[in-house]
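Protein sequences appear in the order of chains A and B. Note that my numbering has the first sequence beginning at 723, numbered continuously upward. Note that my numbering has the second sequence beginning at 168, numbered continuously upward. Backbone N, C-alpha and C fix where the C-beta goes; we use that ideal spot for every residue, glycine too.
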Amino acid sequence: MNSNFIKRKGFSLIELLIASSIFAIIMVIVVSTFSWAAGYNNKLKETRKTAQNGRMIMSEISTQVRLANGSVKYYISSPTTSVMGEVVLLNCTGSLLTSCSPVGTAQPARYNSDTITEAGFDSVSLPNAVLILKKDLDKNNAILYRSVASGTNYNFTKQEATINDFADILATLTSPFSSVAPQILNDPSISARVFFGGYGPTGADLSGLYANKKQQPFVEFYLVSKSANYDTLMPNNRSKFEAKSLVETRYYN
Amino acid sequence: MMIKIKKRTSGFGIIEVLISGVIIIIVLGALVVLARNAINNAQYVQERAQAVNFAQEGMEIVRQIRDTNYIDGVPGTTWKSINESPPTEFSTAANNAYYVSYSASRFKLISAASPPAITIGGKSFYRTVSFSSISGKSILTIPDNPGAGTANGVVVNVTVSWPDTSTTAHKIELKELLANSRFQF
């Protein structure tokens, strides 16, 4: 049998349409899953980074406040000297050390609310730096923690100095620290900012050094650790970690 | 001679294509669930860190109240006082929970069954403080060891709980022994 008739087998239009639409549906699912996965990976990375930085800073401050052998002081006009063994709350208005001044008694002592928000803390202008003075066996250590603005972000920095005498440190705040480069404690891709609060003796409590101490001093701190340029990022690429805690100083006088 | 050329055009049938599509979707679905889990866990770790900080705060406030009572100069307050006027002592009875409040420049403990929410970053946490007796056991304190052989302290329990997105309650508990006396006093 000889057949000259060869049937050319191919795809019909319908087959082609069905095949390509199935392919398209699968591809849409696959591609969207992968782009979601890429986004989730970013989100996860940011969440981990902000929380880890936050925890690290919180434990650093807690440890140093516990080790501080002092009480919390606010700005007092007299005496301005002999703040040995103290924790001093400061308000820095700029990036320079000269912009830092002890918080006056007119400032709120602490953030007294159960709803803690970044905006709330900003609006009451709580102290944004703290000076911890530690007297070790053979030397005097001063640690200055503050949030330094860098564009729209903040770096949380630590400066440590060994000084001969704590006397007049408030008057010459810049001199022990001017030669010490600030050590940035947070990841540079994170904006970290800490506000401080605490008890400061006022009025009659201050007549005479250490006179009529009415309360065991404490330092409270509220931390915001968020992705740098937080406001300009898409929700998938950013994360924010906030935490608040309080530590009592262990020095009893 | 008859030559039969049987040419089988090998390819995928529609059923095969559909099955492979289903398999791909199942595998991707599993990966998505896994990734969601990872995100939820990261979220949980964040909230737990916040809760731990609140618990630490609660514990420090109890210490602060104890230490303040020694030096406040208010007659009638003992280290167990949770309020200076009138001086009131906390109870170590079971189910007696307190929450922390700050008024008139002082921390206070207020007895209540359910504490108010502490909200941070849009998330609400609930913190209670309770005390339990160490019943006859004593804490060694330096330098005097006052009240040795008697119950010279209490166990402080701080609990912080928070609901997660699926409204399952998470909870952490902190316990600490607090002595009646303190160093250098």
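Query, Result
"For Gly180(B) and chain A, any beta-carbon pair shorter than 8 Å?", "no"
"Using a cut-off of 9 Å between C-beta atoms, extract the partners of Arg915(A) located in chain B.", "Chain B residues near Arg915(A): none, gap ~14 Å exceeds 9 Å."
"Do Glu251(B) and Arg273(B) come within 8 Å of each other at the CB atom, strictly closer than that value?", "yes"
"Chain D partners of Leu195(B), CB-CB under 8 Å?", "Protein chains in the displayed structure are A and B, and chain D is not among them."
"Identify, in the order they occur along the chain, each residue of the same chain with its Cβ nearer than 6 Å to the Cβ of Pro830(A), setting aside the five sequence neighbours on each side.", "Bear in mind that a pLDDT of 48 at Pro830(A), under 50, signals an unreliable position, so the model cannot answer this."
"Hey, would you say Tyr952(A) sits closer than 8 Å to Ser913(A), going by beta carbons?", "yes"
"Going by the beta-carbon positions, is the gap between Val323(B) and Arg294(B) smaller than 8 Å?", "no"
"Residues of chain A with CB under 7 Å from Thr286(B), in chain order?", "Asp836, Thr837, Ile838"
"Please report how far the alpha carbon of Ser835(A) lies from the alpha carbon of Pro283(B), in whole angstroms.", "11 Å"
"Return the CA-CA distance between Glu768(A) and Asp909(A), expressed in angstroms with no decimal places.", "11 Å"
"With three or more beta-carbon pairs closer than 8 Å as the criterion, would you say the stretch 259-266 of chain B touches the stretch 950-969 of chain A?", "no"
"Please report the Cβ distance between Ile285(B) and Ile748(A), rounded to the nearest whole angstrom; I am assuming they are in contact, meaning their Cβ atoms lie under 8 Å.", "Ile285(B) to Ile748(A), Cβ: 48 Å. No contact."
"In three-state terms, what does DSSP make of Leu968(A)?", "strand"
"Let me know if Val750(A) comes out buried or exposed under the rule of 16 or more other beta-carbons within 10 Å of its beta-carbon.", "exposed"
"Taking the alpha helix (DSSP H) that Ala205(B) falls in, what are its first and last residues?", "181-238"
"With H, G and I counted as helix, E and B as strand and the rest as coil, what does DSSP make of Ser758(A)?", "Here the sequence assigns Trp to residue 758(A), which means Ser is not the residue at that position. It is helical."
"Along the chain, where does the beta strand (DSSP E) that runs through Phe257(B) open and close?", "Unbroken run through Phe257(B): none, as it is neither H nor E."
"Taking 8 Å as the CB-CB limit, is Ile191(B) close to chain A?", "yes"
"Residues of chain A with CB closer than 8 Å to the CB of Tyr269(B), please, in chain order.", "Arg832, Asn834"
"Using three-state DSSP, classify Gln829(A) as helix, strand or coil.", "Confidence is the limiting factor: at Gln829(A) the pLDDT is only 48, short of 50, which leaves the residue's position unreliable, though a coordinate-based value still follows. Three-state result, Gln829(A): coil."
"Under 8 Å, with one C-beta from each stretch per pair, do the stretch 897-908 of chain A and the stretch 193-203 of chain B reach the 3-pair mark?", "no"
"Starting from Thr769(A), find everything on chain B with Cβ-Cβ shorter than 9 Å and list it in chain order.", "Ile206, Ala209, Gln210, Val212, Gln213"
"Rounded to whole angstroms, what's the CA-CA distance from Asn220(B) to Pro330(B)? Just pull it up for me.", "17 Å"
"Taking all protein chains shown into account, do 16 or more other C-beta atoms lie within 10 angstroms of the C-beta of Asn763(A), making it buried, or fewer, making it exposed?", "exposed"
"Is the separation between the beta-carbon of Glu840(A) and that of Glu942(A) shorter than 8 Å?", "no"
"Can you tell me whether Ser897(A) is buried or exposed, with buried defined as 16 or more other CB within 10 angstroms of its CB?", "exposed"
"Alpha carbon to alpha carbon, how far is Ser911(A) from Ala280(B)? Give it in angstroms, no decimals.", "43 Å"
"What separation, rounded to the nearest whole angstrom, lies between the Cα atoms of Pro242(B) and Arg960(A)?", "53 Å"
"Could you tell me the alpha carbon to alpha carbon distance between Asn862(A) and Gln937(A), rounded to whole angstroms?", "25 Å"
"Tell me, which residues are paired with Glu882(A) by DSSP?", "Ile865(A)"
"Pull up the distance between the alpha-carbon of Phe756(A) and that of Ser177(B), whole angstroms please.", "32 Å"
"Looking only at C-alpha atoms, which of Leu853(A), Thr954(A), Thr837(A) sits nearest to Val810(A)?", "Leu853(A)"
"What's the gap between the Cα of Arg770(A) and the Cα of Ser734(A)?", "54 Å"
"Taking CB distances under 8 Å as the criterion, tell me whether Arg868(A) reaches chain B.", "no"
"What residues of chain B sit near Ile748(A), judged by a beta carbon separation below 7 Å?", "Gly188, Ile191"
"Looking at chain A, is there any beta carbon in it that lies within less than 8 Å of the beta carbon of Pro254(B)?", "no"
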